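Take a look at the structure set out below.
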Amino acid sequence: MTDETLNTPPALPSPEETYAIFRARRHEMSLLPQGSLALINTQWFYGVPGEKESVWGVPGLWAARGASELGIELTATLEDCIAVDGETVDGIVNVFGRDSQTPSSILFADGKTGTVIRGEDGKYALRIWDANSEDLQNFGGIDSFAYNPDWVITGSFTPVEGGRSLGVSHLKDDGVARDKVIPGDIRFTFDGVEYNPAGFKEGRALMIVFSDATSGETSYSVGRFLMVAPNVDGTITLDFNRAYLPPCAFSYNFNCPMPPAQNRFPFAVMAGEKNVLNKSGELLH
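Right under this line is the structure:
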């Protein structure tokens, strides 16, 4: 081995290879015990604090807590065989979500698991996950377009001081809009026409929820997601090859945001994920 060989940096993966890795990871994530296909129920607690309710698919009685209290309340007996944080419940315990410093783990006797989430309105829900769900058993794969460099588009990003709010509807909210923070203006040109999609703040990145001329035809009817991040030079890269399906394409128990008007593109985005398929190659849902 020569000194020149020792000093040669390893070759970077090609865009096609990087895309293949992305596709493989998306497939693997779908199969996780708490992946999108495993969600079988999401039950929100809107009742009076302490008012006990049953939850489909699991034993125990569950209730909302007071407005200033975190999480939900579980009442169970030893016969229910519900373990919270590794301890079998016999009585009343508080179960916490990710908004707590110590989120609770929930395990049921049949192998199902539970997590607690908090909505934007401050209400809590119990999510039930089944690693042997019907959707997981029927899952065949995620149908996707082949990688196409033409769908890597460079646009511009102009920050908006303090951001602005945009009302966004969700699939199960009966048209009631939720305010999302738009940190800046995204602009790109396609076929000579300029577009200004809204990118919601999602951690350190922005999420564009969009539909296009393939939606309901060759791709999922509700739309798709695309994560983007501004570059230091004021540009922004929209790699539509990374467009991915929302969780509600995998399970009816998710409530996904709908594309706002400015994110409904009239052209066909022939890139990214299309649909979730069953083992026969047909639509899973």
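Numbering (the working numbering), first residue to last: 39 to 323. Glycine is no exception: its CB is placed at the ideal position from the N, C-alpha and C atoms. Note that the structure is predicted; figures quoted are calculated from it, not measured.
Pairwise C-alpha distance: Gln175 and Trp167: A direct Cα-Cα distance of roughly 14 Å separates Trp167 from Gln175.
Expected contact under 8 Å - CB spacing of Ile130 and Leu164 to nearest Å: Taking 8 Å as the upper bound for CB-CB distance, Ile130 and Leu164 are not in contact here, some 15 Å apart.
Within the region 108-150, ranges of the beta strand (DSSP E) (whole runs, at least 3 residues): Every beta strand (DSSP E) of 3 residues or more that sits fully in the region 108-150 is shown, in chain order, as 110-114, 120-122, 129-133 and 144-146.
Simplified DSSP state of Leu50, which is helix, strand or coil: Three-state result, Leu50: coil.
Chain-order list of residues whose beta-carbon lies under 7 Å from that of Thr256 (same chain, five-residue window excluded): The residues Lys312, in chain order, have a CB closer than 7 Å to that of Thr256 in the same chain once the five nearest residues on each side in sequence are set aside.
C-beta contact flag for Phe83 and Trp94 at 8 Å: It is not a contact, given that the beta carbons lie outside the stated cut-off.
Start and end residues, beta strand (DSSP E) containing Asp217: Asp217: member of the beta strand (DSSP E) spanning Ala215 to Phe228, first to last residue.
Three-state class that DSSP yields for Ser68 in the structure shown: Residue state, collapsed to three classes: helix.
Buried versus exposed call for Thr153 [16 or more other C-beta atoms within 10 Å across all chains shown]: Classification of Thr153: buried, given that the 10 Å Cβ count is 16 or more.
Pro268, buried or exposed, once every other Cβ within 10 Å from all chains shown has been counted against 16: Label assigned to Pro268: buried.
Close Cβ partners of Ala102 (< 8 Å) along its chain, the five nearest in sequence each way excluded: Excluding positions up to five away in sequence, the list reads Phe83, Tyr84, Gly85, Val86, Pro87, Gly88, Glu89, Ile110, Glu111, Lys161 and Tyr162.
Buried/exposed call for Leu70, threshold 16 Cβ in 10 Å: Classification for Leu70: exposed.
Neighbour-count burial assignment, Ser142, 16 or more Cβ in a 10 Å radius: Taking a 10 Å sphere around the C-beta of Ser142, we find 16 or more other C-beta atoms and assign the residue as buried.
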